[in-house]
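Written below as structure tokens is the structure these notes are about.
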Amino acid sequence: MPDAAPPVLDDATLAFAGRVFQYARMGHAAELAGLFGQGLPANLRNDKGDSLLMLAAYNGQVEATRVILEAGGDPELANDRGQTPLAGAAFKGDAAVATLLLAHGAAVDGTGDGSRTALMTAAMFDRTEIVALLLAHGADPDLRDAEGRSAADMARAMGAQATPAQLNAAPRPGP
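According to my numbering, the sequence shown is numbered sequentially starting from 14.
Written as structure tokens, this is what we have:
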């Protein structure tokens with residue numbers, strides 16, 4: 014049986030949804046908590062596949078990130094580009110959000126629907142604090158993306174100044 018067409022949403026519903034996603038972006042944690050208390054799903058996603066958690070994490074909204082996680086937001090829910098909230102925090106260089114996501118079960122070497130880990134993203138953009146945090150949580154610096162590139166390879170390709178050496182010096186598990 015073919016998939017049913019998505020429901021047509023009225024203007025009031027679309028406006029409400031827009032406000033909810035804006036709450037996540039802008040860090041309106043109390044408003045989000047109230048909506049979750051009324052039954053709003055914590056894993057609501059927009060037309061780009063960005064979850065409320067992705068929007069809060071990417072925009073550095075620590076308290077909103079916490080509220081969404083505590084309401085059941087999935088730290089592994091990737092957007093349509095295969096990015097996880099941890100990768101979003103790594104890209105932005107937000108150690109507080111990354112730490113919170115890791116504490117709530119984000120997979121340190123998770124790749125969402127893609128093949129790039131948060132460590133790879135952090136390394137590419139020379140986010141040394143995030144690289145150190147992820148390595149301390151057990152990130153594997155030797156993982157490869159779908160094209161066979163390691164985090165250090167990606168960092169060098171992007172012209173990162175500090176992270177290639179940081180990754181090369183990272184301890185590796187013994188035999």
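Quick reminder that beta carbons are idealized off the backbone N, C-alpha and C, glycines included.
Opposing strand residues paired with residue i [DSSP bridges]
{"i": "Arg58", "result": "Ser64"}
Distance CB(residue i)-CB(residue j) smaller than 7 Å
{"i": "Leu132", "j": "Ala116", "result": "no"}
{"i": "Ala55", "j": "Ala84", "result": "yes"}
{"i": "Ala159", "j": "Ser128", "result": "yes"}
{"i": "Thr78", "j": "Ala70", "result": "yes"}
{"i": "Ala46", "j": "Val80", "result": "yes"}
{"i": "Asp93", "j": "Lys61", "result": "yes"}
{"i": "Thr141", "j": "Ala175", "result": "yes"}
Reference residue i; option with closest CA among the options
{"i": "Ile9", "options": "Ala102, Leu68, Ala30, Asn181", "result": "With the chain running from 14 to 188 in the structure shown, residue 9 is simply not present."}
{"i": "Thr134", "options": "Leu99, Leu113, His150, Val75", "result": "Leu99"}
{"i": "Val139", "options": "Phe104, Pro154, Gly118", "result": "First, the amino acid is wrong: residue 139 is Asp here, not Val. Among Phe104, Pro154, Gly118, the Cα nearest to that of Asp139 belongs to Phe104."}
{"i": "Leu65", "options": "Phe34, Leu53, Pro88", "result": "Phe34"}
{"i": "Ala119", "options": "Gln96, Thr141, Pro88", "result": "Pro88"}
{"i": "Asp155", "options": "Pro184, Leu57, Thr141, Leu146", "result": "Pro184"}
{"i": "Gly40", "options": "Leu68, Ala175, Gln96", "result": "Leu68"}
{"i": "Thr130", "options": "Arg38, Ala25, Thr141, Thr97", "result": "Thr97"}
{"i": "Ala178", "options": "Ala136, Ala25, Arg32", "result": "Ala136"}
{"i": "Val110", "options": "Asn72, Gly95, Gly86, Asp93", "result": "Asn72"}
{"i": "Leu27", "options": "Ala17, Arg58, Gly50", "result": "Arg58"}
{"i": "Arg157", "options": "Met167, Ala149, Leu148, His150", "result": "Met167"}
{"i": "Thr112", "options": "Gly86, Leu146, Gly95", "result": "Leu146"}
{"i": "His150", "options": "Gly161, Arg162, Leu114", "result": "Leu114"}
{"i": "Asp63", "options": "Glu76, Gln51, Ala37, Gly52", "result": "Ala37"}
{"i": "Leu180", "options": "Leu148, Gly52, Leu53", "result": "Leu148"}
Original post:
Within the chosen definition, does the segment 106-124 reach the segment 170-177 through at least 3 CB pairs nearer than 8 Å?
Top reply: Proximity of the segment 106-124 to the segment 170-177 falls short of the contact definition, fewer than three beta-carbon pairs being nearer than 8 Å.
**OP:** Go through the segment 111-183 residue by residue and report every complete run of the alpha helix (DSSP H) that reaches 4 residues or more, in order.
**Re:** Qualifying alpha helix (DSSP H) stretches, in chain order: 131-137, 141-149, 164-170, 176-181.
Original post:
Can you list, in chain order, the stretches of the alpha helix (DSSP H) that have 4 or more residues and sit fully within the segment 65-89?
Top reply: Within the segment 65-89, the complete alpha helix (DSSP H) runs of at least 4 residues are 65-71, 75-83.
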